[in-house]
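Asker: Just so we're aligned, residue 561 is where the sequence shown starts under our numbering, counting upward by one. Glycine residues also receive a C-beta, built at the ideal position from the N, C-alpha and C atoms. Take a look at this one; I'll ask things after.
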Amino acid sequence: MDEVSRENVPRGNVPREDRPPRILVDATAVPADRGALGRYAEGLLRALHGLGADLAIACQRVERERYAALAPGARVVSGPAALAHRAARLAWEQNGLPRVAREVGADVLHLPTYTIPVHAGLPTVVTIHDVTQFAEPERHDPLRASYIRSATRTAARLATRMIVPSRAVRDDLVRLLHAEPGHIDVAYHGVDHEVFRRPSPEEVKKVSDRLGLHGHPYVAYLGALEPRKNVPNLIRGWVRACAGRADPPALVLAGSGGWDDELDAALAVVPTHLRVVRSGYLPWSLLPGFLGGALVVALPSRGEGFGLPVLETMACGGTVLTTRRGPLPEVGGEAVAYTEPDPPAIASALSSLLDAPDRRLELAEAASARAEGFTWEGSARDHLDSYARAVAQYAASHPS
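In structure tokens:
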């Protein structure tokens, strides 16, 4: 086992109640890409470090230096190379991770994904990002959904406390899994305001040229191409909204990964005079220009745990069209436009926005202001409160 040691808060014989808990965050299951889970882990760890938390981080061997740079002062421990394979990682999680917790002197273990050691031997906090696999299992990959449902049930049963990114997920956990509401803490995600901000005209032009649009207006989508994201209905709604327009905006589908059997069928019947751009993955540096430069960023999802792309678009001063499903109204409030997820409703809402530039500007201003209230520092403070509750709850149920 390899580790990078940085300066740590001395522990010595300081009584537990007189020092902050040492938190071991298991990042071994966090993907290396900057998808939603990666952005959550990165934003949280950087903010926890900024607040002076006593941190240890378990990670994949190839990610060791990145986490050491992300949270200087944390003790970073990398597991064996075999952790790159899921089966090996899950086995190591049951035996190796509790051993790491003992070696680093952790007071609480945070698992930012769904899985948890059965016999951790210390207080555990698990982040449950969403429960859409229970509410609408048909909109998920069957094998992955089965795995996540099983892991979520185990976490809800075994974890000392659970952290969720919205009240909607908390309520669904209670309703669908009969979780104990008093053991669930809500900690909203934040947004990196240095990355996601209003773009300059040059940034907007750069992404437009890269997409081959060269200043032509467009409606944007950013996210995975999977059924719960409702992209086929977005395509159908956009086609209806563009019917009869002399200069219809293009539709740009950005993002990679996922699966949706209806997507190709929806694209196959797009009229030839309308333009769809499938950009795939866009570099991080282009996202402010992409989101802030769109006429509308349409994210008509059927189910989310939080909705990071909605918040990130708001921070970029973009006009968002989304649904009232799950936590999305908690994020967007009155600063975004809403639609039902069916094509006629999407077409009507999108047409209304395309025809009302003053309304788009009003929403963009409100969205930018609302996004300021979502920070990773605020999220980290809520996490620290949850860790402290877990330590006290565990101590009460395991008297020495």
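With burial defined as no fewer than 16 other Cβ atoms inside 10 Å of the residue's Cβ, what is the status of residue 943: buried or exposed?
Answerer: For the purposes of this step, residue 943 is identified with residue 383 of the sequence shown, where counting begins at 1. Its Cβ being crowded by 16 or more others within 10 Å, residue 943 is buried.
Asker: Could you tell me which residues DSSP puts in a beta bridge with residue 670?
Answerer: In the sequence shown, the residue the question calls residue 670 occupies position 110. 585 and 685.
Asker: Classify residue 924: buried if its beta carbon has 16 or more other beta carbons within 10 angstroms, exposed otherwise.
Answerer: Locating residue 924 in the sequence shown gives position 364, where the first residue counts as 1. Label assigned to residue 924: buried.
Asker: Within this structure, are the beta carbons of residue 836 and residue 868 separated by less than 9 Å?
Answerer: Against the sequence shown, residue 836 aligns to sequence position 276. Against the sequence shown, residue 868 aligns to sequence position 308. No. Outside cutoff.
Asker: Identify the continuous beta strand (DSSP E) that holds residue 619 and give its terminal residues.
Answerer: The residue labelled residue 619 in the question sits at position 59 within the sequence shown. That run of the beta strand (DSSP E) goes 614–619.
Asker: Using a 10 Å radius around the Cβ and a threshold of 16 neighbouring Cβ atoms, would you call residue 717 buried or exposed?
Answerer: The residue labelled residue 717 in the question sits at position 157 within the sequence shown. With fewer than 16 other Cβ atoms within 10 Å, it is exposed.
Asker: Helix or strand or just coil, what does DSSP make of residue 630?
Answerer: Locating residue 630 in the sequence shown gives position 70, where the first residue counts as 1. Residue 630: helix per DSSP, three-state reduction.
Asker: Tell whether a beta-carbon distance below 9 Å holds between residue 906 and residue 881.
Answerer: Sequence index remark: in the sequence shown, residue 906 carries index 346 (1-based). Sequence index remark: in the sequence shown, residue 881 carries index 321 (1-based). Cβ atoms of residue 906 and residue 881: closer than 9 Å.
Asker: Taking the alpha carbon of residue 839 as the reference point, which residue from 609, 811 and 908 has its own alpha carbon closest?
Answerer: Position 279 of the sequence shown holds residue 839. Among 609, 811 and 908, the Cα nearest to that of residue 839 is on 811.
Asker: Identify, in the order they occur along the chain, each residue of the same chain with its Cβ nearer than 8 Å to the Cβ of residue 775, setting aside the five sequence neighbours on each side.
Answerer: Here residue 775 is taken as the residue at index 215 of the sequence shown, counted from 1. Around residue 775: 765 and 768.
Asker: Write down the C-beta distance between residue 950 and residue 685 rounded to the nearest angstrom, noting that I regard them as a contact closer than 8 Å.
Answerer: For this step, residue 950 is matched to residue 390 along the sequence shown. For this step, residue 685 is matched to residue 125 along the sequence shown. Residue 950 to residue 685, Cβ: 5 Å. Contact.
Asker: Nearest by alpha-carbon distance to residue 675: which of 713, 645, 667 and 581 is it?
Answerer: Against the sequence shown, residue 675 aligns to sequence position 115. For the residues 713, 645, 667 and 581, the minimum Cα distance to residue 675 belongs to 713.
Asker: Assuming residue 559 contacts residue 859 (C-beta within less than 8 Å), just tell me the rounded distance between them.
Answerer: What is shown of the chain runs 561 to 960, which leaves residue 559 out entirely.
Asker: Which class does residue 745 belong to by DSSP, given the choice of helix, strand or coil?
Answerer: Position 185 of the sequence shown, counting from 1, holds the residue named residue 745. Strand.
Asker: Report the rounded CA-to-CA distance for residue 947 versus residue 772, giving the unit in angstroms.
Answerer: Within the sequence shown, numbered from 1, the residue matching residue 947 stands at position 387. Within the sequence shown, numbered from 1, the residue matching residue 772 stands at position 212. The alpha-carbon atoms of residue 947 and residue 772 are separated by roughly 48 Å.
Asker: Who are the Cβ neighbours of residue 617 in its own chain at under 6 Å, not counting the five residues just before and after it?
Answerer: Position 57 of the sequence shown holds residue 617. Within the same chain, residue 617 has close Cβ partners 585, 587, 627, 634 and 636.
Asker: What residue range is occupied by the uninterrupted alpha helix (DSSP H) comprising residue 736?
Answerer: Position 176 of the sequence shown, counting from 1, holds the residue named residue 736. Per DSSP, residue 736 belongs to the alpha helix (DSSP H) from 727–737.
Asker: Quick one: what does DSSP say residue 898 is sitting in, helix, strand or coil?
Answerer: Taking the sequence shown and counting its residues from 1, one reaches residue 898 at position 338. Residue 898: strand per DSSP, three-state reduction.
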